[in-house]
Amino acid sequence: MLLVVASRQDQNANELVARWAPRRATLLACEDLCHHGWQFDPGNPERGWLVAGGSVMAVSGITGVLTRRRHIFDVELTEIAIEDRPYVAAEINAFLVAWLSSLRCPVINRPSGISLCGPSLRAEQWVCLAASVGIRVKPARRKAYMGTISSPALSEVQELSEVIVVGEHWFGLVDDYLGALAVRLARAAGAELLSITFDQETFAGASSLPVLNSEPVIGAVLERLEARYS
Amino acid sequence: MILLWGIVGDEPLDMVRLALERQGRQYTFLDQQRVENTSLDLEIGATVGGHLVTPEFAVNLREVCAIYLRPYDSRRMRAVERAAPNNPLLRHALNLEDSLLSWVEVTPSLVLNRPSAMASNNSKPYQSKFIQASGFCVPDTLVTTDVEATIAFWEQHRDIIYKSVSGVRSIVSRLKDSHRARLPDIANCPTQFQEYIPGNDWRVHVVGEDAFACEVISDADDYRYAGRSGNAVEIYSRNLPPDVGDCCIRIAKMLRLPLCGIDLRRTPAGAWYCFEANPSPAFSFYEMSTGLPIADAVARFLAQQ
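So the sequence lines, in the order shown, correspond to chains S and C. Quick note: the first sequence uses my numbering, first residue 25, plus one each step. Quick note: the second sequence uses my numbering, first residue 80, plus one each step.
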């Protein structure tokens, strides 16, 4: 069974669940976290139980997890009393970070301490990391003066190209050299799935939550989700 | 150059400032309360540079070799709280805080501690994975929304505690019969239960390669809140067994927390359990209670870089 951790409002995630229905793909939404049936023993996570699509199921039946969100927000927890939502949201996020980290099956992307889905780096951290793997960067400038605000914008954008990395593969209309650098950046960031945007050959941004609407990319993600557990 | 960032009156920061002065070390103190007079120009590319300027000093960020940070929410600074809701000072304060947090993430300097490293403490069971790998025992744990599973875990261990999974409202309490009627509420939120571990608490502060230990004796479920339950707390400086000290330093390295406060419990049988590693420890309480020279060690560690 494949799990897709996402919001019920996430159209891209819902399309993936429908596409992977023959593989018993199920959406795990925030509502499932406020539902009787979860059992997680961090010392023995495979023997636990989870709730997805409103049903209780064994963790041992999961073959792969695709995470399509970085956080669960308190405003989404409409079944919870308003005054309790911030606390419940904090607890659910903390729980999911631990639970997703504990799974032995493929999880794309595995959580970091601060994000349910892979690295959640600041723009400045991405620039530093990109430079460290040999990608050309334009310096990110930030000014904090009383009366002036600058956002962490990288530079004026010219012509953007997107590369999506899935494991060791990359997809996009760039040359092999840039594609290989994108794979190096994803590896350095600890992300199996990463979108990297270039302005010409210069780094322009990265995201661990790329839109998945290209057949080759979706195929590579599925292969990655199923490969090591079969 | 050593940079300290925080507010006057924050005890750990004040103690490190005094320690640096006792040791005759140069440092620069960025007072978060004076946000309206602070500006920052940050440039981050293949290298990290920029300038931090106040009426008292101008710091070239490339010359900063060590940072100790204890910032508070900028919205709580006096000048910001006094300002009208749409005052530009609030936007400036938030921008400055965010820019400084970006800088401390990417600077090659020693940082006690980087915010990204501190994040492991936001999920106790996530952090416990690293703690277990360091060699300590961790309590049997169940995080659940299932009442029957909770009761089975309770019957298995006879005595269990509950505490938050995240860092919010993190108070440890024993589960008692009087809680049974409320147990169905756990269906609304995954709740963490652990076997109760008998014994005395130990708090270990790791500073680089050094570990400072004290033993805490209290009948309270959570000695940090002993006053609320009318329990007394006694704290004594102690020497750690070398292997336990090594485990503590190993945890600090695994979690990328060169300064941390590690919560241990030693059982009557002599087993060592670890509950968590605090990434921004209020070591002042333990230093004032025992005389352990933790602030001096932090100051020396900052100066060694």
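Glycine included, C-beta positions come from ideal geometry on N, C-alpha and C. No experiment lies behind these values; they were computed from the predicted model shown.
Please classify residue i: does DSSP put it in a helix, a strand, or coil?
i                 : result
ARG146 of chain S : coil
LYS167 of chain S : strand
GLN102 of chain C : coil
LEU179 of chain C : helix
HIS59 of chain S  : coil
ARG248 of chain S : helix
ARG329 of chain C : helix
TRP44 of chain S  : coil
LEU120 of chain S : helix
ASN36 of chain S  : helix
HIS284 of chain C : strand
ASN133 of chain S : coil
GLY129 of chain C : strand
TYR151 of chain C : coil
ASN267 of chain C : helix
HIS193 of chain S : strand
MET197 of chain C : helix
PHE227 of chain S : strand
CYS339 of chain C : strand
ILE96 of chain S  : coil
PRO170 of chain C : The residue you asked about is not Pro; residue 170 of chain C is Arg in the sequence shown. Residue state, collapsed to three classes: helix.
VAL198 of chain S : coil
GLU115 of chain S : helix
ASN128 of chain S : With the sequence shown as reference, residue 128 of chain S is identified as Arg, and Asn is not the correct amino acid for it. If DSSP states are grouped into helix, strand and coil, ARG128 of chain S belongs with coil.
Using a Cβ-Cβ cutoff of less than 7 Å, which residues in the same chain neighbour residue i once the five nearest sequence positions on both sides are dropped?
i                 : result
ILE328 of chain C : VAL285, GLU288, ALA290
LYS371 of chain C : Inspection of the sequence shows that residue 371 of chain C is occupied by Leu rather than by Lys. The answer, listed in chain order, is PHE291, CYS293, SER316, TYR365.
GLY40 of chain C  : Residue 40 of chain C falls outside the range modelled here, since chain C spans only 80 to 384, and no answer is possible.
PRO134 of chain C : ASN116
SER249 of chain C : LYS242, SER243
TYR304 of chain C : ILE250
LEU5 of chain S   : Absent from the structure is residue 5 of chain S, since the part of chain S shown begins at 25 and ends at 254.
CYS326 of chain C : SER213, GLY214, PHE215
SER254 of chain S : Annotation note: pLDDT 47 at SER254 of chain S (below 50); position unreliable, coordinate value reported separately. Here the set comprises nothing.
ILE104 of chain S : CYS58, VAL112
Below 8 Å CB to CB, which residues in the same chain sit around residue i once its five sequence neighbours on both sides are set aside?
i                 : result
ARG94 of chain S  : SER139, LEU140, CYS141, SER144, SER232, LEU233
ARG96 of chain C  : LEU83, TYR106, PHE108
ASP200 of chain S : none
ALA212 of chain S : LEU153, SER156, VAL157
Quick one: what's got a C-beta closer than 6 Å to residue i's C-beta in the same chain, skipping five residues either side?
i                 : result
GLU335 of chain C : Here the sequence assigns Arg to residue 335 of chain C, which means Glu is not the residue at that position. For ARG335 of chain C, where only same-chain residues beyond five positions count, the Cβ hits under 6 Å are ALA196.
LEU221 of chain C : PHE232, PHE272
ALA331 of chain C : VAL285, CYS339
ALA210 of chain S : VAL189, LEU218
CYS353 of chain C : ILE210, PHE215, LEU343
ILE265 of chain C : THR224
SER363 of chain C : GLU90, PRO91, MET94
ILE116 of chain S : LEU57, ILE96
ILE373 of chain C : HIS284, PHE291, PHE362, GLU366
ALA98 of chain C  : ALA374, ASP375, ALA378
GLU142 of chain C : MET80
So, under 8 Å CB-CB, residue i and residue j are touching, yes? Tell me the CB distance rounded to an integer number of Å.
i                 : j                 : result
LEU140 of chain C : GLY129 of chain C : 5 Å
PRO337 of chain C : LEU121 of chain C : That belief does not hold up - the Cβ atoms of PRO337 of chain C and LEU121 of chain C are roughly 23 Å apart, past 8 Å.
GLY88 of chain C  : GLN111 of chain C : Between GLN111 of chain C and GLY88 of chain C the Cβ distance is about 11 Å, and since that is not below 8 Å, they are no contact.
ALA53 of chain S  : SER31 of chain S  : 6 Å
LEU197 of chain S : ALA228 of chain S : Rounded, the Cβ-Cβ distance is 15 Å, inconsistent with contact.
SER153 of chain C : ARG166 of chain S : At roughly 15 Å, the Cβ-Cβ gap does not stay under 8 Å, so SER153 of chain C and ARG166 of chain S are not in contact.
LEU27 of chain S  : VAL89 of chain S  : 5 Å
Would the beta-carbon of residue i fall within 7 Å of that of residue j?
i                 : j                 : result
HIS171 of chain C : MET25 of chain S  : no
VAL245 of chain S : VAL190 of chain S : yes
PRO269 of chain C : THR229 of chain C : no
THR87 of chain S  : ARG160 of chain S : no
ILE296 of chain C : PRO218 of chain C : no
PRO240 of chain S : PHE195 of chain S : yes
VAL185 of chain C : LEU169 of chain C : no
ASN174 of chain C : ALA168 of chain S : yes
GLY72 of chain S  : PHE64 of chain S  : yes
PRO69 of chain S  : SER126 of chain S : yes
ALA162 of chain C : LEU381 of chain C : no
SER178 of chain C : LEU119 of chain C : yes
ALA122 of chain S : TYR147 of chain C : no
THR369 of chain C : GLY278 of chain C : no
Examine the ligand GTP and report whether any of its heavy atoms sits within less than 6 Å of the Cβ of residue i.
i                 : result
VAL235 of chain S : The ligand GTP is absent from the structure shown, which contains no ligand whatsoever.
Starting from the beta carbon of residue i, find every residue of chain D whose beta carbon is closer than 9 Å, and list them in chain order.
i                 : result
GLU122 of chain C : Among the protein chains of the structure shown, namely S and C, there is no chain D.
(Q) Please identify, using Cβ separations under 8 Å, the residues of the stretch 82 to 105 of chain S that lie next to chain C, in order along the chain. (A) GLU103, ILE104
Q | Near-chain S residues of the stretch 223 to 255 of chain C - C-beta to any C-beta below 7 Å | A | THR223, THR224, ASP225, ALA228, SER243, VAL244, SER245, VAL247, ARG248
Q. If you measure beta-carbon to beta-carbon, which residues of the stretch 193 to 205 of chain C are closer than 9 Å to chain S?
A. PRO194, SER195, ALA196, MET197, ALA198, SER199, ASN200, ASN201, SER202, LYS203, PRO204, TYR205
Q) Which of the residues in the stretch 54 to 70 of chain S, read from start to end, lie with their CB under 9 Å from any CB of chain C? A) Taken in chain order, the members of the stretch 54 to 70 of chain S whose beta-carbon sits within less than 9 Å of a beta-carbon on chain C are LEU57, CYS58, HIS59, HIS60, GLY61, TRP62, GLN63, PHE64, ASP65, PRO66, GLY67.
**Q.** Cβ-based contacts, 8 Å cut-off: residues of the stretch 319 to 334 of chain C near chain S
**A.** none
Q. The stretch 146 to 160 of chain S: which residues have C-beta closer than 7 Å to a C-beta of chain C, in chain order?
A. ARG146, GLU148, GLN149, VAL151, CYS152, ALA155
Q. Name the residues in the stretch 112 to 124 of chain S whose C-beta lies less than 8 Å from a C-beta of chain C; which are they?
A. Within the stretch 112 to 124 of chain S, those residues whose Cβ lies closer than 8 Å to any Cβ of chain C are, in chain order, VAL112, ALA114, GLU115, ILE116, ASN117, ALA118, PHE119, VAL121, ALA122, TRP123.
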